[in-house]
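Asker: Number 128 in my numbering belongs to position 128 of the sequence shown; there are no gaps in the numbering.
Virtual Cβ for every residue (Gly too), placed ideally from N, Cα, C.
Note that the structure is predicted; figures quoted are calculated from it, not measured.
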Amino acid sequence: MDVVVVADAEAVGRRAAAMVLDGLRGDPSLVLGVATGSSPVSTYRALAEARRRGTDFSQVRCVALDEYVGIPEADPRSYHAFVRREIAEPLGVRADHLLVPDGNAPDPEAACASFEVALHDWGGVGIQLLGIGRNGHVGFNEPGSALDSRTRRSALSETTRADNARFFPRPEDVPAYCLTQGVGTIAEARSIVLVASGPHKAAAVAAAVQGPVTEACPASFLQRHPDATMVLDPEAAAELAGQPTSESSRAR
Ligand code: GLP
1 MDVVVVADAE AVGRRAAAMV LDGLRGDPSL VLGVATGSSP VSTYRALAEA RRRGTDFSQV
61 RCVALDEYVG IPEADPRSYH AFVRREIAEP LGVRADHLLV PDGNAPDPEA ACASFEVALH
121 DWGGVGIQLL GIGRNGHVGF NEPGSALDSR TRRSALSETT RADNARFFPR PEDVPAYCLT
181 QGVGTIAEAR SIVLVASGPH KAAAVAAAVQ GPVTEACPAS FLQRHPDATM VLDPEAAAEL
241 AGQPTSESSR AR
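Here it is as structure tokens:
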């Protein structure tokens, strides 16, 4: 895995966006895996800036990692709404080029199976953008998720529910369940770019990069991925042993 440390969260976004734009130059109908949360927002902003300078996203298809169970798609807190607001609208990605797990499906198991089929029909993810939870989760794969897991209904951990409580009026309003791509599903992306910034991510980043590959830290699967890059600000990189002082370094 490559680890790149840049000046700050905005620079994280610019660097990750540059990697997406590189991929897009080689494949205008890139299948871009998109993460929600605060971390990739600077990346989406940088991509929107590229669009203003003329980059065409009209053939790009976007696949989301996860969705809450029981939040209507039109609710601004749903990940459907996040993908439309932060990604599809600013980049000009067509509505029929979006694939997000259906957290309101009456049969979640069937919804997860059809999500996997649709993703397969699109040829899989070319570049996957990822964030990381404080507990090392990716998508909503909480610690304990099997490294070969597939898209499924899952429970959110108390850490994750507490972290996401800022988006809801009361802590008890945070959904308890989600649909999420599995770690095994995410690992099939041909290229993965994980972005993280801030001191609250430092321990999870160190565990993912330098700890054992283990279900206890789902993001540690990146160590086995043939084309994975972490783009970090100095605070998120702070607990890496032999922390790079230059802008870029190879972790393994
Ligand atoms: C959420 C999302 C993840 C995201 C993570 C970190 O729970 N399901 O995909 O990476 O939390 O969020 P943030 O970037 O806001 O810290």
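(1) Would you kindly check if the distance between the Cβ of residue 219 and the Cβ of residue 132 is under 8 Å?
(2) Answer yes or no: the CB of residue 38 versus the heavy atoms of the ligand GLP, is any distance below 7 Å?
(3) Go through its chain and collect everything with a Cβ distance to residue 188's Cβ below 6 Å, but skip five positions before and after it.
(4) Does the distance between the C-beta of residue 139 and the nearest non-hydrogen atom of the ligand GLP fall short of 7 Å?
(5) Are the Cβ atoms of residue 9 and residue 42 separated by less than 8 Å?
(6) Is residue 22 buried or exposed, if buried means 16 or more other CB atoms sit within 10 Å of its CB?
(7) CB residue 5 to CB residue 232, shorter than 8 Å?
(8) Note down, in chain order, each residue of its chain lying with its Cβ closer than 8 Å to the Cβ of residue 168, except the 5 sequence neighbours on either side.
(9) Helix, strand or coil for residue 180? Go by DSSP, reduced to three states.
(10) Could you check what DSSP says for residue 253 in three-state terms: helix, strand or coil?
(11) I need the boundaries of the alpha helix (DSSP H) containing residue 10, first residue and last residue.
(12) Need the endpoints of the alpha helix (DSSP H) that residue 42 sits in, please.
(13) Just to confirm before moving on: does the CB-CB distance between residue 64 and residue 73 stay below 8 Å?
(14) If you follow the beta strand (DSSP E) that residue 62 is in, where does it begin and where does it stop?
(15) From the DSSP secondary-structure annotation, give me the bridge partner or partners of residue 67.
(16) Can you find a heavy atom of the ligand GLP that lies under 7 Å from the Cβ of residue 131?
(17) Within 10 angstroms of the Cβ of residue 106, are there 16 or more other Cβ atoms? Answer buried if so, exposed if not.
(18) Determine the direct distance from the alpha carbon of residue 111 to that of residue 182, and round the result to whole angstroms.
(19) Flag residue 204 as yes when its Cβ comes closer than 7 Å to any non-hydrogen atom of the ligand GLP, and as no otherwise.
(20) Can you pull the DSSP bridge partners for residue 223?
Answerer: Judging by the given coordinates:
(1) yes
(2) yes
(3) 124
(4) yes
(5) For the pair residue 9 and residue 42, the CB atoms are nearer than the 8 Å cut-off.
(6) exposed
(7) Here residue 5 is near residue 232, since their CB atoms are less than 8 Å apart.
(8) 77 and 174
(9) strand
(10) Any property of residue 253 remains undetermined from this structure, which presents the chain solely from 1 to 252.
(11) 9–26
(12) 41–52 is the span of the alpha helix (DSSP H), which, as asked, contains residue 42.
(13) no
(14) 61–64
(15) 179
(16) yes
(17) Its Cβ having fewer than 16 others within 10 Å, residue 106 is exposed.
(18) 14 Å
(19) no
(20) According to DSSP, residue 223 bridges with nothing at all.
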